[in-house]
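Peer 1:
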Amino acid sequence: MAAKKTGPLARLSVDDTCSLIDLIHGHDVLWDLRHPQYRISTIKNATWTAVRVVFQERTGIVCEDQHVIAKFEALRSSFSRELRKLKESKKSGAGAEDVRKVTWPYFNQMMFLRGSVSLDNYVTSNMVNLATC
Numbered sequence: 001m002a003a004k005k006t007g008p009l010a011r012l013s014v015d016d017t018c019s020l021i022d023l024i025h026g027h028d029v030l031w032d033l034r035h036p037q038y039r040i041s042t043i044k045n046a047t048w049t050a051v052r053v054v055f056q057e058r059t060g061i062v063c064e065d066q067h068v069i070a071k072f073e074a075l076r077s078s079f080s081r082e083l084r085k086l087k088e089s090k091k092s093g094a095g096a097e098d099v100r101k102v103t104w105p106y107f108n109q110m111m112f113l114r115g116s117v118s119l120d121n122y123v124t125s126n127m128v129n130l131a132t133c
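Numbering (the numbering used here), first residue to last: 1 to 133.
1) Alpha carbon to alpha carbon, how far is Met1 from Ala70?
2) Alpha helix (DSSP H) containing Thr59: first to last residue?
3) Got a sec? Which residues, its chain only, sit under 6 Å from Phe72 by beta carbon, not counting five neighbours each side?
4) Suppose the cutoff is 6 Å on Cβ atoms and the five residues either side in sequence are ignored; what does the same chain contact list for Val123 look like?
5) Beta carbon of Arg114, beta carbon of Leu75: below 9 Å?
6) Determine the direct distance from the alpha carbon of Phe55 to that of Val62, and round the result to whole angstroms.
7) Mind checking Arg52: buried by the 16 CB within 10 Å criterion, or exposed?
8) Roughly how many angstroms lie between the CA atoms of Ile43 and His27, to the nearest whole one?
9) So Ser80 and Val117 are in contact, right, with Cβ under 8 Å, and what is the actual spacing, rounded?
10) Along the chain, where does the alpha helix (DSSP H) that runs through Asp22 open and close?
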């Protein structure tokens, strides 16, 4: 079902996914709940279109705005899930060897979302260096 939502973006290469993440990161209005224009749908829609156009120019992958939005939502969900797993592994009483190592390749690149996801007190000291992007 996710493939239908993300369409041609369902199986992006690591480089193309990193490119998309970078584009979205550069537009706070799309992900920062504190951005003054976050709730203005016309601005967000125009920004999603701008991101899609640049992404298409960079990659040659033809897609629609809703594919880009769905791909970002999937990436954000994966980031939240990984962050939650990391936090749960750091619970009181856990030794250093019990702390989960994050292996999802986009985790470090998605850290700009850490203040926008509904988790607090996360710890990043035991992350595997995933410099794939």
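C-beta atoms are modelled at their ideal positions from N, C-alpha and C, and glycine is treated no differently.
Peer 2: Once the coordinates are examined:
1) Note that Met1 scores a pLDDT of 44, beneath 50, so its modelled location is shaky and nothing firm can be said.
2) Where Thr59 is concerned, the enclosing alpha helix (DSSP H) stretches over Ser41 to Thr59.
3) Once the five neighbours on either side are set aside, the close Cβ partners of Phe72 are Ile24.
4) Residue placement at Val123 is flagged as unreliable, the pLDDT there being 41, under the threshold of 50; the coordinate-derived value follows with that caveat. Non-local beta-carbon contacts of Val123 in its own chain, meaning distances under 6 Å to residues more than five positions away in sequence, involve Lys90 in chain order.
5) Not in contact: Arg114 and Leu75 (Cβ atoms no closer than 9 Å).
6) A straight-line Cα-Cα distance of about 9 Å links Val62 and Phe55.
7) Label assigned to Arg52: buried.
8) When rounded, the distance between both Cα atoms is 11 Å.
9) Taking a contact as a CB-CB distance under 8 Å, the pair Ser80 and Val117 counts as one, their CB atoms being some 5 Å apart.
10) Its alpha helix (DSSP H) spans residues Val14 to His25.
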